[in-house]
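Q: Residue numbers (our numbering): 420 to 649. Using N, Cα and C, we set each Cβ at its ideal position, and we do this for glycine too. I have a structure I would like to understand better, so I am pasting it below and will then ask my questions one at a time.
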């Protein structure tokens, strides 16, 4: 009885692309709304920068918050001029707020006409960019270092004085407050004459009943009735 021999071919029939990721530089073009109507302008831009490595966004959509850019993606951000060469008016603080986080560390932001207004420069600086050789560069964010103090905290002089000063409140161990009666009134207070209270009028019904009740000639029966009425 003969046996069949089987040979397994382990070679790969299809060659896959290399998995190594090439770090390609990406560009972001910010265009005014009017440039969208001119295909020849867009064609020239993508010829210069390369369509596969370039993204195009409209300034008005960025300013309105309709577009969300990926974080730390672009190496160059170029703000385009209008078709007639006029200055752009859509570069606002909202645009910088959306664009700066999408820039890599060391990425550059520049303008096509190489001119920059004072207001635009101020907004770029407030957004965290630094001017260098006519362009704005995103630098490495400095981390805030907070030193950790190990061990017990040192008390300040005010805390020491509060914790060490003890005041005698004049209380005994039993918790009863001790009052010196001789010290309540001074010698000048003792010299002040006493003010006598003026006698009240006896015309009121209550005063009449009291005077009648305590009169010497009142009988025991009247005193009992007066007491009951009160």
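Just the Cα atoms here: how many angstroms apart are residue 554 and residue 528?
A: Taking the straight line joining both Cα atoms gives about 6 Å.
Q: On the CB-based measure, 16 or more other CB atoms within 10 Å of its CB, does residue 517 come out buried or exposed?
A: It counts as buried.
Q: Alpha carbon to alpha carbon, how far is residue 608 from residue 598?
A: Their Cα atoms are separated by approximately 18 Å.
Q: Need the endpoints of the alpha helix (DSSP H) that residue 545 sits in, please.
A: 537-545 is the extent of the alpha helix (DSSP H) around residue 545.
Q: Starting from residue 514, trace the alpha helix (DSSP H) in both directions and tell me its first and last residue.
A: Its alpha helix (DSSP H) spans residues 512-518.
Q: Which residue comes first and which comes last in the alpha helix (DSSP H) that contains residue 610?
A: 606-610 is the span of the alpha helix (DSSP H), which, as asked, contains residue 610.
Q: Could you check what DSSP says for residue 497 in three-state terms: helix, strand or coil?
A: If DSSP states are grouped into helix, strand and coil, residue 497 belongs with the strands.
Q: With residue 512 and residue 539 assumed to form a contact (beta carbons below 8 Å), what rounded beta-carbon distance in angstroms separates them?
A: Their Cβ separation, rounded to whole angstroms, is 10 Å, which puts residue 512 and residue 539 out of contact at 8 Å.
Q: On the DSSP bridge assignment, give the partners of residue 446 in chain order.
A: Paired residue(s): 473 and 495.
Q: Distance cutoff 8 Å, beta carbons only. Does residue 503 sit that close to anything in chain B?
A: The chain labelled as chain B is not found in the depicted structure, where only one protein chain is given.
Q: Do you know offhand how far residue 495's Cα is from residue 535's?
A: Approximately 17 Å, taken between the alpha carbons.
Q: Compare the C-alpha of residue 530 against each of 498, 514 and 456 and name the closest.
A: Selected option, being the one with the closest Cα: 498.
Q: Using 10 angstroms around the beta-carbon of residue 521, count the other beta-carbons present and answer buried if the total reaches 16, otherwise exposed.
A: Burial call: buried.
Q: Hey, could you find the ends of the alpha helix (DSSP H) residue 465 is sitting in?
A: Counting along the chain, the alpha helix (DSSP H) containing residue 465 begins and ends at 458-468.
Q: Start and end of the alpha helix (DSSP H) containing residue 526?
A: Element bounds for residue 526: not the alpha helix (DSSP H) but the beta strand (DSSP E), 522-530.
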